[in-house]
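Here the protein sequences come in this chain order: A and B.
Take the numbering used here: the last position of the first sequence gets the number 398, and nothing is skipped along the way.
Take the numbering used here: the last position of the second sequence gets the number 260, and nothing is skipped along the way.
In what follows, a structure is listed as structure tokens, so that the remarks can point back to it.
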Amino acid sequence: MKSKRYVKDKLTQLLISLVSLVGLIILVAVFFYVFSNGSSLLSWNLITGDYNSNVFNGYYSTEITTNDFAAPSSLSDEEYFSTRWGISFMDDEDTEGHHIIMITYVDIDSPLANIPDKNDETATISISSGQKLMTVRFSDNTMLLPSNGAEKANQLFDTKTSIADIMVSTSGKGIRGSLITTLYLVIMTLVIALPIGVFTAIYLHEFAPKKNKFVNVLRRLIEMLTGVPSIIFGLLGAAVFIPIVSSLTGADTGNLISGSLTLAVIILPVIISSTEETLKTIPDEYRQASLALGANRNQTTFKIILKSAIPGILSAVLLSVGRIIGESAALIYAIGTSIKDEIIITERSTSLAVHIWSVMSGEVPNFELACAISIIILIVVLVLNLSVKFIVRKIAY
Amino acid sequence: MEKVFTIKKLNLKYGEKTALLDINMDIPKNEITALIGPSGCGKSTLLRTLNRMNDLIENCHVKGDIKYEGNDIFSKDFDVIDLRTNVGMVFQKPNPFPMSIFDNVAYGPRCQGVKDKKILQETVIQALKNAALYDEVRDRLKESAKELSGGQQQRLCIARAIAMRPDVILMDEPTSALDPIATAKIEDLILELKQKYTIVIVTHNMQQAARISDNTAFLLMGELIEYDKTDKIFSNPAKAKTEEYITGRFG
Ligand SMILES: Nc1ncnc2c1ncn2[C@@H]1O[C@H](COP(=O)(O)OP(=O)(O)O)[C@@H](O)[C@H]1O
Ligand SMILES: [Mg+2]
Numbered sequence: 002m003k004s005k006r007y008v009k010d011k012l013t014q015l016l017i018s019l020v021s022l023v024g025l026i027i028l029v030a031v032f033f034y035v036f037s038n039g040s041s042l043l044s045w046n047l048i049t050g051d052y053n054s055n056v057f058n059g060y061y062s063t064e065i066t067t068n069d070f071a072a073p074s075s076l077s078d079e080e081y082f083s084t085r086w087g088i089s090f091m092d093d094e095d096t097e098g099h100h101i102i103m104i105t106y107v108d109i110d111s112p113l114a115n116i117p118d119k120n121d122e123t124a125t126i127s128i129s130s131g132q133k134l135m136t137v138r139f140s141d142n143t144m145l146l147p148s149n150g151a152e153k154a155n156q157l158f159d160t161k162t163s164i165a166d167i168m169v170s171t172s173g174k175g176i177r178g179s180l181i182t183t184l185y186l187v188i189m190t191l192v193i194a195l196p197i198g199v200f201t202a203i204y205l206h207e208f209a210p211k212k213n214k215f216v217n218v219l220r221r222l223i224e225m226l227t228g229v230p231s232i233i234f235g236l237l238g239a240a241v242f243i244p245i246v247s248s249l250t251g252a253d254t255g256n257l258i259s260g261s262l263t264l265a266v267i268i269l270p271v272i273i274s275s276t277e278e279t280l281k282t283i284p285d286e287y288r289q290a291s292l293a294l295g296a297n298r299n300q301t302t303f304k305i306i307l308k309s310a311i312p313g314i315l316s317a318v319l320l321s322v323g324r325i326i327g328e329s330a331a332l333i334y335a336i337g338t339s340i341k342d343e344i345i346i347t348e349r350s351t352s353l354a355v356h357i358w359s360v361m362s363g364e365v366p367n368f369e370l371a372c373a374i375s376i377i378i379l380i381v382v383l384v385l386n387l388s389v390k391f392i393v394r395k396i397a398y
Numbered sequence: 010m011e012k013v014f015t016i017k018k019l020n021l022k023y024g025e026k027t028a029l030l031d032i033n034m035d036i037p038k039n040e041i042t043a044l045i046g047p048s049g050c051g052k053s054t055l056l057r058t059l060n061r062m063n064d065l066i067e068n069c070h071v072k073g074d075i076k077y078e079g080n081d082i083f084s085k086d087f088d089v090i091d092l093r094t095n096v097g098m099v100f101q102k103p104n105p106f107p108m109s110i111f112d113n114v115a116y117g118p119r120c121q122g123v124k125d126k127k128i129l130q131e132t133v134i135q136a137l138k139n140a141a142l143y144d145e146v147r148d149r150l151k152e153s154a155k156e157l158s159g160g161q162q163q164r165l166c167i168a169r170a171i172a173m174r175p176d177v178i179l180m181d182e183p184t185s186a187l188d189p190i191a192t193a194k195i196e197d198l199i200l201e202l203k204q205k206y207t208i209v210i211v212t213h214n215m216q217q218a219a220r221i222s223d224n225t226a227f228l229l230m231g232e233l234i235e236y237d238k239t240d241k242i243f244s245n246p247a248k249a250k251t252e253e254y255i256t257g258r259f260g
């Protein structure tokens, strides 16, 4: 008998280990996929760069025949330096995998640092490092295209004497705007939802009469809201919050405020229920001891209850932040999908999650870029996680 | 003899259930009064009425009359916060707040609006000294109170009550969760505190009542059966029920 039970016990244990192993493998595989696909695109330029690229179009008609510029000492093996124009090139790929020629250095005395604008007689443009070379037509009508590569570009620049037409663009496709939007959303949403959620929970648990029908209905309703798909809240945002925000601020489309309000409604039930769960775990002895010491109810609530609840509230915040960062469906309605570089809270912009969605919903889904953005999201979540853990450790006794 | 509390015709019900029935008793100043009786007889309930902690229980109804220093504690213009600052309470289970030792003791004064760091510092140290805890914790006032042993935690709770400079300290089985050594320390402390404070202590431990109290009240099913000098109760009780209880024949 005993051995049969033993075998059964071991089998159950084995089964549980296998199941958790499968879970672990899936998780690791997802991370591995994301990292292996996205890490090649991950760069400081991607994170801090503009999404929209600006194209500059200029010319330089004065003839140059000397090769006087000295290569900078920092020049790497992959860069090609034109001693005639004082400019260096490098082969690269953009976030969509197309071959490009990057400008990696422009001498301050280079003629290209300040050339006339082709589209505006009175203006000048400046060619600088970080831009990419699009097309060049030299005075003898020789054409240079990105597909020619950096070495060929250098060769042409070193031999040609003047430029009839040069087109460069800032690199673009960066995600800075979406990253900032995401951080704005996190902060604004929490600023709206956290006080409301925490105080609602405190009211429900500490002040509301215990066996009140209305309170119970309210609590049931809040629990129900946790399960509502977020796209429905997105409709609410579009139908209610956008008009309200518009009439108050003059915004005429979806905007960051309406987005934050929508997200606040989404995370409110989460914050209320998990704060209330935390309040339930705070021993009644604390309340009694506080009141017996002549503290009034508000003092008891704020100095003892709220303080003891902070770790629980912070983990609710973490859950919510995860939800805010990951939310895309609701935001498509509530703030729109246009990717922006200048973030204004009464205008449209896009969070990282929606950015991924738009990258993936183009004609050619860009897996690499989606993965690179995912890595950034993972890093943001990780950093937030660790800092909350750190705060909890600092304040909790 | 001066009386701190005068209790007249006190009746208390939890919903329909009677927990205290026609209690009449006086609690003399600067003495230790013990409440004894089998569990469920209403000792804690009686104790909690003295600082009106029963107010927190939703279906608790009190009738009758309690005077604290001559003032009716149930009257409309009586300040319950005032009562609780004068009548401190120590609970059965040590219940320090999840904060530092210092903040625990400073909590009461701070709630009364004391902000001056120096005054707080002095109050806390004096209270810890009076609770015979200072020497053990002087180097770690900033550490969590939860790190203390059970006995130390209970003495911290006493210090926390003392910091309010109360006149009365109510104690509800303060040693029942402690080991014998910690219990002995608390008993010594209670005897020490008698100099300055009136103490009402609930205990189910009859030796404890005999050792430390001046007066003993014996309750049974919500009724006050006998209330007298402790010596008298334990050597020559007037009622048969009391004798049966203290000789251990029931309870
Ligand atoms: N909050 C409460 N609600 C309802 N009944 C209670 C409550 N507290 C105590 N009682 C009842 O009142 C009676 C006296 O309880 P208590 O004063 O705690 O007794 P003791 O401290 O002597 O053990 C018991 O029968 C108990 O069940
Ligand atoms: Mg009791």
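Using N, Cα and C, we set each Cβ at its ideal position, and we do this for glycine too.
- If you draw a straight line from the Cα of I82 (chain B) to the Cα of N60 (chain B), it comes to about 9 Å.
- Taking 8 Å as the cut-off, the C-beta of V99 (chain B) does not count as close to any heavy atom of ligand 2.
- Nearest to R394 (chain A) by C-alpha distance, out of B:S153, B:R169, B:E252, B:N33, is B:S153.
- In chain order, L21, T54, R57, C69, V71 place their CB closer than 8 Å to the CB of N63 (chain B), counting only its own chain and leaving out the 5 sequence neighbours on each side.
- Here F32 (chain A) is exposed. Its C-beta has fewer than 16 other C-beta atoms within 10 Å.
- Here M173 (chain B) carries a coil assignment [DSSP, helix/strand/coil].
- A Cβ-Cβ contact shorter than 9 Å links V211 (chain B) with I45 (chain B).
- For the set B:V99, B:D91, B:K76, the Cα lying nearest the Cα of I167 (chain B) is the one of B:V99.
- According to the DSSP assignment, Y77 (chain B) belongs to the beta strand (DSSP E) that extends over 69-77.
- For D110 (chain A) and S40 (chain A), the gap between their C-alpha atoms comes out near 37 Å.
- The distance from the Cβ of I326 (chain A) to that of T105 (chain A) is about 34 Å, inconsistent with a contact at the 8 Å cut-off.
- Counting C-beta atoms within 10 angstroms of its own C-beta, M108 (chain B) has 16 or more neighbours from the protein chains shown and is therefore classed as buried.
- When the beta-carbon positions are compared, D118 (chain A) and N58 (chain A) come within less than 9 Å of each other.
- Sequence-distant partners of N53 (chain A) (beyond 5 residues in either direction) whose C-beta falls short of 7 Å from its own C-beta, in its chain, are G173, D342.
- Not a single C-beta of chain B is nearer than 9 Å to the C-beta of G131 (chain A).
- By alpha-carbon distance to L228 (chain B), the top candidate from B:K12, B:A43, B:V13, B:K26 is B:A43.
- A354 (chain A) carries a helical assignment under DSSP once its states are collapsed to helix, strand and coil.
- At least one heavy atom of ligand 2 lies closer than 8 Å to the C-beta of D181 (chain B).
- Burial check for Y254 (chain B): the Cβ neighbour count within 10 Å reaches 16 or more, so the residue is buried.
- S309 (chain A) has a beta carbon lying within less than 9 Å of a beta carbon in chain B.
- Ranked by how close their Cα comes to the Cα of I378 (chain A), the residues A:L332, A:H356, A:F391, A:G363 have A:H356 in first place.
- Sorting A:S248, A:I305, A:L320, A:G363 by C-alpha distance to the C-alpha of T347 (chain A) places A:S248 at the top.
- Using a CB distance below 9 Å, the part of the segment 289-300 of chain A facing chain B consists of Q289, A290, S291, L292, A293, L294, G295, A296, N297, Q300, ordered along the chain.
- With a beta-carbon spacing of about 6 Å, R349 (chain A) and N256 (chain A) fall inside the 8 Å limit used to define contacts.
- Any Cβ of chain B closer than 9 Å to the Cβ of I357 (chain A) would place that residue at the interface, and such an atom is absent.
- The DSSP-derived three-state label of G175 (chain A) is coil.
- Near chain A, meaning a CB-to-CB distance below 9 Å, the residues of the segment 146-171 of chain B are E152, S153, A154, K155, E156, C166, R169, A170.
- E152 (chain B) carries a coil assignment under DSSP once its states are collapsed to helix, strand and coil.
- Its Cα nearest to that of P366 (chain A), the residue A:G98 stands out among A:Y34, A:Y81, A:G98.
- Here the distance from the Cβ of K52 (chain B) to the nearest heavy atom of ligand 2 is below 8 Å.
- In the DSSP secondary-structure assignment, H100 (chain A) is bridged to A:E94.
- DSSP places P117 (chain A) within a strand segment (E or B) once states are collapsed to three.
- Per DSSP, the unbroken alpha helix (DSSP H) holding F215 (chain A) starts and ends at 214-227.
- Close to chain B, meaning a Cβ-Cβ distance shorter than 8 Å, are the following residues of the segment 253-287 of chain A: P284, E286, Y287.
- Looking at the backbone, the Cα of K133 (chain A) and that of N149 (chain A) are separated by about 13 Å.
- Beta-bridge pairing by DSSP links E25 (chain B) to no other residue.
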